[in-house]
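Colleague: Under the numbering used here, residues 54 to 385 are what the sequence shown spells out, in order. I have a structure I would like to understand better, so I am pasting it below and will then ask my questions one at a time.
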Amino acid sequence: MTTLGRKADHLRIAARADVEHTGGTGFEALRLRHRALPERDLDQVTLTTSLLGKELAAPLVVSAMTGGTDEAAEINARLARAACEQGLARWRGSGRALLDDPELLPTYRSGDRPPLLLGNLGAAQVRLEDAPERAERLIELLDADGLTIHLNPIQEAVQPEGEPRFVGVATGIAAVAAHLAPLPVLVKEVGFGMDAADVALLRDAGVAAIDVAGAGGTNWALVEGHRDERAGDVAAAFADWGVPTATALAEAHAAAPDLPLIASGGLRDGVDAAKALALGAGAAGLARPFLLAARADRTSETAATLVRQLRIAVWAVGAGSATELSPAHLRM
54 MTTLGRKADH
64 LRIAARADVE
74 HTGGTGFEAL
84 RLRHRALPER
94 DLDQVTLTTS
104 LLGKELAAPL
114 VVSAMTGGTD
124 EAAEINARLA
134 RAACEQGLAR
144 WRGSGRALLD
154 DPELLPTYRS
164 GDRPPLLLGN
174 LGAAQVRLED
184 APERAERLIE
194 LLDADGLTIH
204 LNPIQEAVQP
214 EGEPRFVGVA
224 TGIAAVAAHL
234 APLPVLVKEV
244 GFGMDAADVA
254 LLRDAGVAAI
264 DVAGAGGTNW
274 ALVEGHRDER
284 AGDVAAAFAD
294 WGVPTATALA
304 EAHAAAPDLP
314 LIASGGLRDG
324 VDAAKALALG
334 AGAAGLARPF
344 LLAARADRTS
354 ETAATLVRQL
364 RIAVWAVGAG
374 SATELSPAHL
384 RM
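As structure tokens, this is what we get:
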């Protein structure tokens, strides 16, 4: 199957209810403190934050999806519009197909420009000798503020057409980060989380931030199992594989306390986002809620709802701003 055919399948299957991790994110075991006397009005709560040198109206990220197909073009346009309306960050889907065929640009890029926009390449691409130049070209095509590099070893190993070759990936990340500087390079998983040892390697490679993208949300082994029957039996064993998002976030913060962290992987609402911020994330990323909203042409409403949920959660724990959230606002 062609790359574009896989991308079309990925969009369709990722919206199904039976491709989520069988284990939770870890956030379900956490509760935020409730203050019956917040001592301020709701409209006095501030959500603005700075992430990778850009000002966001709220610390939320519309996480990476895809591009290259007609459906992706419409979904990306809706996602970009919602991110702009609410002042949110946006990670683009993998740009490999775009680099191979620049005529696909309209399926990736719309007229709406979020305050922080990052392109995206996969681990297999950064191993290439010309990866730094390809990364620079992708940023130019997308008019992006920097780059995300996604790590997906389980997905690559389960996918029949996958490329489970990771020798030299850390070196490639370091080369891309050095070449693109001062533009930021963020590294993310695709939903299985990261070990503290991975975080240390990435810190030493010079990345600007890490998106832990933990387990608990969409499971890309299961997506591949539904996409191709050759992968089904193999994928089933990885239904609960990975580091839950809350655990991955806490371990990453301990391993690299000065490195900006984004928490994604199974976050479903503004309360989840508030929990992530309290655990040390600089922003919270969501994909599935936005994908479902985009398919129903409700991205604007969904983005506004998520922002309001987060504002209420910040207010109800007694904080005056999202940046004030800390472990002290959790009932451990």
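Backbone N, C-alpha and C fix where the C-beta goes; we use that ideal spot for every residue, glycine too.
1) Determine the direct distance from the alpha carbon of Gln178 to that of Val222, and round the result to whole angstroms.
2) With DSSP as the reference, label Arg143 as helix, strand or coil.
3) Let me check one thing: in DSSP terms, what residues is Leu194 bridge-paired to?
4) Quick one: grab the DSSP three-state call for Asp183.
5) Can you grab the Cα-Cα spacing for the pair Gly270 / Ala110, in whole Å?
6) Where does Leu95 land, buried or exposed, given buried means 16+ other C-beta within 10 angstroms?
7) Report the residue from Asp286, Glu81, Arg88 whose alpha carbon sits nearest the alpha carbon of His382.
8) Going by C-alpha to C-alpha distance, which of Ala334, Val324, Leu339 sits closest to Thr102?
9) Quick one: is Arg69 buried, meaning 16 or more other Cβ sit within 10 Å of its Cβ, or exposed?
10) Taking Ser317 and Gly338 to be in contact with their CB atoms under 8 Å, please state how far apart those CB atoms are, rounded to whole angstroms.
11) Provide the residue(s) that pair with Pro159 in DSSP beta bridges, ordered along the chain.
12) Where does Gly106 land, buried or exposed, given buried means 16+ other C-beta within 10 angstroms?
13) Please classify His74: does DSSP put it in a helix, a strand, or coil?
14) Beta-carbon within less than 8 Å of Arg93's beta-carbon, same chain only, minus the 5 sequence neighbours each way: which residues are those?
15) Who are the Cβ neighbours of Val260 in its own chain at under 7 Å, not counting the five residues just before and after it?
16) Tell me whether Thr99 sits in a helix, a strand or coil according to DSSP, three-state version.
17) Among the candidates Thr376, Met385, Pro380, Ala366, whose CA atom is the shortest distance from the CA of Pro91?
18) If distances are taken between C-alpha atoms only, which option among Pro206, Leu195, Pro185 comes closest to Gly172?
19) Apart from the five residues on each side of it in sequence, which residues of its chain come closer than 8 Å, Cβ to Cβ, to Thr298?
20) For Pro297, which residues does DSSP report across the bridge?
21) For the candidate residues Glu277, Leu233, Asp165, Pro167, whose alpha-carbon lies nearest to that of Arg190?
22) Are there 16 or more other CB atoms within 10 angstroms of the CB of Gly148, so buried, or fewer, so exposed?
23) Give the range of the beta strand (DSSP E) segment to which Thr201 is assigned.
24) Less than 8 Å separating the beta-carbons of Leu174 and Ala188?
25) Within 10 angstroms of its Cβ, does Thr224 collect 16 or more other Cβ (buried), or is it exposed?
26) Could you check whether Leu363 and Leu332 sit closer than 8 Å to each other, using their CB atoms as the reference points?
27) Determine the extent of the alpha helix (DSSP H) in which Gly285 is found, giving its start and end residues.
28) Taking just the CA atoms, how far does Ser353 sit from Glu138?
29) Using a Cβ-Cβ cut-off of 8 Å (strictly less than) and excluding sequence neighbours within five positions of Leu132, which residues of its own chain qualify?
30) Could you tell me how far apart the beta carbons of Ala375 and Leu100 are, in whole angstroms, since I believe they sit closer than 8 Å?
Modeller: This is what the structure gives:
1) Straight-line Cα distance between these residues: approximately 9 Å.
2) strand
3) Bridge partners of Leu194: none, in fact.
4) coil
5) Roughly 25 Å separates the two Cα atoms.
6) Exposed, since its Cβ has fewer than 16 Cβ neighbours within 10 Å.
7) Answer by Cα proximity: Arg88.
8) Ala334
9) Only exposed fits Arg69, as fewer than 16 other CB atoms lie within 10 angstroms of its CB.
10) 3 Å
11) Paired residues: none, contrary to the question.
12) Flag for Gly106 reads exposed.
13) coil
14) Same-chain partners within the cutoff: Trp368, Gly373.
15) Ile226, Ala230, Val238, Leu239, Val240
16) strand
17) Ala366
18) Leu195
19) Thr78, Gly79, Phe80, Gly246, Val265, Ala266, Gly267, Ala268, Gly269, Gly270, Ala316, Ser317, Gly318, Gly319, Leu320, Ala329
20) According to DSSP, which records beta bridges pairwise, Pro297 is partnered with Ala268.
21) Leu233
22) buried
23) 199-204
24) yes
25) exposed
26) Not a contact, by the Cβ cut-off of 8 Å.
27) Gly285 -> alpha helix (DSSP H) spans 282-289.
28) 7 Å
29) Val115, Met118, Arg143, Phe343, Ala347, Thr352
30) 5 Å
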